[in-house]
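Residue numbers (this note's numbering): 114 to 582.
We treat Cβ as the ideally placed atom computed from N, Cα and C, and that holds for glycine.
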């Protein structure tokens, strides 16, 4: 597995992330803090369905795809389950809305259910493409959806700037992406009910795990709804969404590049190769994630002010740093430290760690939000995610080891420090100034790595120049 492959996956995620951030800026500016809060709660409701019901099936596909003989039947059986759950969600949401039992603003719940259903099918399609090592199809799914969200979202903002319309636009974007990229690739014709026990043995514990993950990731929104004004909830949600759509996308891009290969090596009984891949994954992940976290924590506040408007100019000082730490720690846990437990199918042990993190997070929030407002929610999230990472680190070490070479780790830390000092000390104003800070920081980071010869960087750079010459 080469660095080039990792860069390709990260590049796809980064490109779709940039487009998603553009859509986010459009929605935040157009809706305003209070209306965006209603939209954020609708997204949270959609995430409840897609996380608890759809994600276990997608994770099961990624793990069982290595069983070559049963692969077509596993794919068809899981696809039927995803489609059936999506239809069930939509029917329940419409009935609740008609009976006046929805806890959200009018028609937000049915729109959120439709978004959950279409997003679930899109995620399944992306997981299939990734597991089959079809990188181009995987990239097209993400990029077409990101472009479509902007196009349909802009139309919705022009004619009906309310939460249900935006959710419907996002659903339509998912449908367009699936239709354009998965023609003839997914089929329900090989459904096999006899696979249900095998699928259930892995997927059902994941339902509990994913429900706890949802509580950890989205519990802050529901808690803040009772303690702060809707405008403050909207500001917090916009910043948290922005952070998630950038940093977590980077980490998930790395996971998409490495996890299927680790699974295939493990499934073939090549445990030494799985260990080698995991160690290399850790090195490349540190190379990318550490500078991204430092840079983002320093640039989040000025970026939010430029992108989202004056309502985001006066942020609590600790909020950006806490949100970045929580996002990075949570992503590293999910996409790296949980890998050994997933390989060994220790799903209940994984669920125990997420439960510990979720309850610790909510306990800290219950104490901190009344005292510190939205910063208290970010503090609770950071504490919970950190505890969860420590648990996963300890529980997976008897399967595969987590380690990075000391010299290579020192190089990344030193280069990230140089970049961070430069970004902190030099703060030009405006959009051009922000872009210059990003460019100069990236160049300083790369130059320091080259000077320290990280992972034989000089030889690689010389080889690259020789090829171009």
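- One thing to note: residue 504 has its Cβ within 8 Å of the Cβ of residue 466.
- Under the 8 Å Cβ criterion, the region 254 to 271 counts as touching the region 279 to 294, having at least three qualifying pairs.
- Ranked by Cα distance from residue 131, the options 217, 374, 356 are led by 356.
- Using a Cβ distance threshold of 8 Å, residue 432 and residue 350 do not count as a contacting pair.
- The Cβ neighbour count for residue 540, taken over all protein chains shown within 10 Å, is under 16; the residue is labelled exposed.
- Closest by C-alpha distance to residue 193, out of 230, 322, 209, is 230.
- Residue 172 and residue 506 have their C-alpha atoms spaced approximately 20 Å apart.
- Rounded to the nearest angstrom, the gap between the Cα atoms of residue 188 and residue 245 is 11 Å.
- The beta-carbon distance between residue 368 and residue 448, rounded to whole angstroms, is 4 Å. This is short enough to meet the 8 Å contact definition.
- DSSP places residue 288 within a helical segment (H, G or I) once states are collapsed to three.
- Between the region 371 to 391 and the region 413 to 421, the count of Cβ pairs shorter than 8 Å is below three; the stretches do not touch.
- Beyond the five residues adjoining it in sequence on each side, residue 281 comes within less than 6 Å, by CB distance, of 224 in the same chain, given in chain order.
- DSSP, read as helix, strand or coil, puts residue 550 in helix.
- Residue ranges of uninterrupted beta strand (DSSP E) with 3 or more members are absent from the region 482 to 554; none lies entirely inside it.
- A direct Cα-to-Cα measurement between residue 316 and residue 455 gives close to 11 Å.
- Contact between residue 286 and residue 265 holds: their C-beta atoms lie close to 5 Å from each other, under 8 Å.
- Just measuring C-alpha positions, the residue of 450, 263, 560 sitting nearest residue 501 is 450.
- Secondary structure note for residue 259: its alpha helix (DSSP H) is the uninterrupted segment 248 to 272.
- For residue 242, the enclosing alpha helix (DSSP H) starts and ends at 221 to 244.
- If you look at residue 355, you'll find it in the alpha helix (DSSP H) that goes 343 to 356.
- For residue 365, the enclosing alpha helix (DSSP H) begins and ends at 362 to 380.
- Comparing alpha carbon positions, the residue from 419, 476, 222 closest to residue 336 is 476.
- For residue 385, the enclosing alpha helix (DSSP H) has its first and last residue at 384 to 421.
- Going by C-alpha positions, residue 453 is about 45 Å away from residue 268.
- The residue from 135, 387, 165, 347 with its alpha-carbon nearest to that of residue 325 is 165.
- Taking the C-beta atoms as reference points, residue 352 is found nearer than 8 Å to residue 436.
- Between the alpha carbons of residue 532 and residue 557 lies a gap of roughly 6 Å.
- In this model, residue 212 and residue 196 are separated by some 25 Å (Cα to Cα).
- When DSSP states are grouped into helix, strand and coil, residue 429 belongs to the coil group.
- For residue 167, no alpha helix (DSSP H) encloses it, and the DSSP letter there is neither H nor E.
- If the five residues before and after residue 514 are omitted, its C-beta is found closer than 7 Å to the C-beta atoms of 388, all from its own chain and listed in chain order.
- Per DSSP, residue 565 lies in no alpha helix (DSSP H) segment and is marked neither H nor E.
- By the Cβ rule, the region 232 to 244 counts as touching the region 156 to 165, because three or more pairs are nearer than 8 Å.
- Under the DSSP assignment, residue 456 falls in the alpha helix (DSSP H) whose first and last residues are 452 to 456.
- The beta carbon of residue 203 sits closer than 8 Å to those of 223, 226, 227, 230, all from its chain and outside the five residues before and after it, given in chain order.
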